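Trainee:
2 protein chains.
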Amino acid sequence: MKRSSRLSLALHALVHLHKQPGEAITSSTLAQCLMTNPVVVRRVLGTLREAGIVAASKGHDGGWRLLRPAGEISLRQVYAAMGESLLIRTESDPGDIACGIVRTVNAVMGDFIADAEALLAARLERVSLDDIAREATPNPLHPNHHGAHSHG
Amino acid sequence: MKRSSRLSLALHALVHLHKQPGEAITSSTLAQCLMTNPVVVRRVLGTLREAGIVAASKGHDGGWRLLRPAGEISLRQVYAAMGESLLIRTESDPGDIACGIVRTVNAVMGDFIADAEALLAARLERVSLDDIAREATPNPLHPNHHGAHSHG
DNA sequence: TTTCATGTAACTTTTATTGTTACATTGCTC
DNA sequence: GAGCAATGTAACAATAAAAGTTACATGAAA
């Protein structure tokens, strides 16, 4: 797989778990769906486990499952759990700071980013895993149904 | 320099140009200020030149200069010129798309990102290069003056 | 006790970005 | 026009971050 992000991998895995409510799914099975390998799945879901979103069981019939109903899992929670910023890092190395302008640019952009971060988090809070799952199934036809949702 | 972004490099360079209104500044001189090397400066400012924000002149006393007053250069323009997204890329490789959920996740996140992108751009429009420059000079003392600005 | 799963560490591969070297081009000055 | 001083750009090397891989310890169930 080329250059995905842990966040989308996580969402993808979670939707799968949601669609298989009864039984646990193994890392290997998920890895096939996500077109990656089991260790990467464990890495990603491992952080979600620490956040109390999923649980893993070992041994026979072990695997991953959701700890809460999908409607109660917001994208913000997932995003926060991943510890990944939605925004790029714009700060340059302060280094020896010869001219001071670097610091100002860093500070201004840093403020802006922090501000934006909060704004985006608030929007992600309004989308639940279930929202994505519902969008994922309806009818495999009509792939042009995307766009125009309610995150505005 | 470790892992900065072209955007902050660009802003830093622009502030320098703004503070030297009369004369052109060479890539080498800027490179020293930005703690990088001349070619990188040319690469970054080159894209700003294509956007009509700066101009370069060759030969004796050549170098870079602003084409417009700093008050009329918004961060959005700079940001748009760099063609760099403020947001991380969350899409995973559609690949062969075995399960269709990938596409949905990509679509939902894509929508969200596009939406957020527009929102951030609107905010960047309200900050001008001059705003940063004014912030950069006042008094070198009080470095703890950052934070709490007006991009909200 | 065997089997199947996670948990994790260590390492390799891949990809993006930045840094560097080299050289052509253009404009200014003498 | 000669020569210098700058940009413009291509090609390549170095670096860093992310993902992929291998290997093995641990724990749970049949």
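Line order of the protein sequences matches chains G and L. Heads up: the first sequence is residues 1 to 152, going by our numbering. Heads up: the second sequence is residues 1 to 152, going by our numbering. Glycine is no exception: its CB is placed at the ideal position from the N, C-alpha and C atoms. The structure displayed is predicted, hence computed values, not measured ones.
With DSSP as the reference, please indicate the residues paired to residue 25(L) in a beta bridge.
Mentor: Its beta-bridge partners are 64(L).
Trainee: Answer with buried or exposed for residue 145(L), where buried requires no fewer than 16 other C-beta atoms within 10 angstroms of its C-beta.
Mentor: Below a pLDDT of 50, predicted positions are generally treated as unreliable, and residue 145(L), at 47, falls in that range; the measurement from the model is reported next regardless. Exposed, because fewer than 16 other Cβ atoms sit within 10 Å of the Cβ of residue 145(L).
Trainee: Whole angstroms are fine: how far does the CA of residue 12(L) sit from the CA of residue 31(L)?
Mentor: Cα to Cα, residue 31(L) sits roughly 11 Å from residue 12(L).
Trainee: What's the C-alpha gap between residue 14(L) and residue 129(L)?
Mentor: In a straight line, the C-alpha of residue 14(L) is about 8 Å away from that of residue 129(L).
Trainee: Report the rounded CA-to-CA distance for residue 65(G) versus residue 36(L), giving the unit in angstroms.
Mentor: Roughly 49 Å between the two C-alpha positions.
Trainee: State the Cα-Cα distance for the pair residue 7(L) and residue 44(G), rounded to the nearest angstrom.
Mentor: When rounded, the distance between both Cα atoms is 30 Å.
Trainee: Residue 84(L) and residue 5(L) look like a contact to me (Cβ under 8 Å); what is the Cβ gap, rounded to whole Å?
Mentor: About 7 Å; that satisfies the 8 Å criterion.
Trainee: Can you tell me which residues form a DSSP beta bridge with residue 57(L)?
Mentor: Its beta-bridge partners are 63(L).
Trainee: Return helix, strand or coil for residue 87(L), following the three-state DSSP convention.
Mentor: Residue 87(L) falls in the strand class under three-state DSSP.
Trainee: Please report the residue range of the alpha helix (DSSP H) in which residue 36(L) lies.
Mentor: It is not in any alpha helix (DSSP H) - residue 36(L) carries neither H nor E in the DSSP assignment.
Trainee: Checking the sheet assignment: what are the DSSP bridge partners for residue 157(G)?
Mentor: Residue 157(G) cannot be examined here, being either before or after the span of chain G that is shown, 1 to 152.
Trainee: Using a Cβ-Cβ cut-off of less than 9 Å, give me the residues of the stretch 71-89 of chain G that come near chain L, in sequence order.
Mentor: Cβ contacts with chain L come from 75, 84, 85, 86, 87, 88, 89.
Trainee: Please state if the CB of residue 53(L) and the CB of residue 73(L) are separated by a distance shorter than 8 Å.
Mentor: For residue 73(L) and residue 53(L), yes; Cβs fall inside 8 Å.
Trainee: Could you tell me the distance, in whole angstroms, from the CA atom of residue 123(G) to the CA atom of residue 60(L)?
Mentor: Each residue's Cα considered, the two are about 53 Å apart.
Trainee: Among 132(L), 42(L), 29(L), 101(L), which has the Cα closest to the Cα of residue 136(G)?
Mentor: Checking every option, the nearest Cα to that of residue 136(G) belongs to 101(L).
Trainee: Could you check how far apart the C-beta atoms of residue 120(G) and residue 67(G) are, in whole angstroms? I think they sit under 8 Å.
Mentor: Actually they do not touch by this definition, with Cβ atoms about 25 Å apart.
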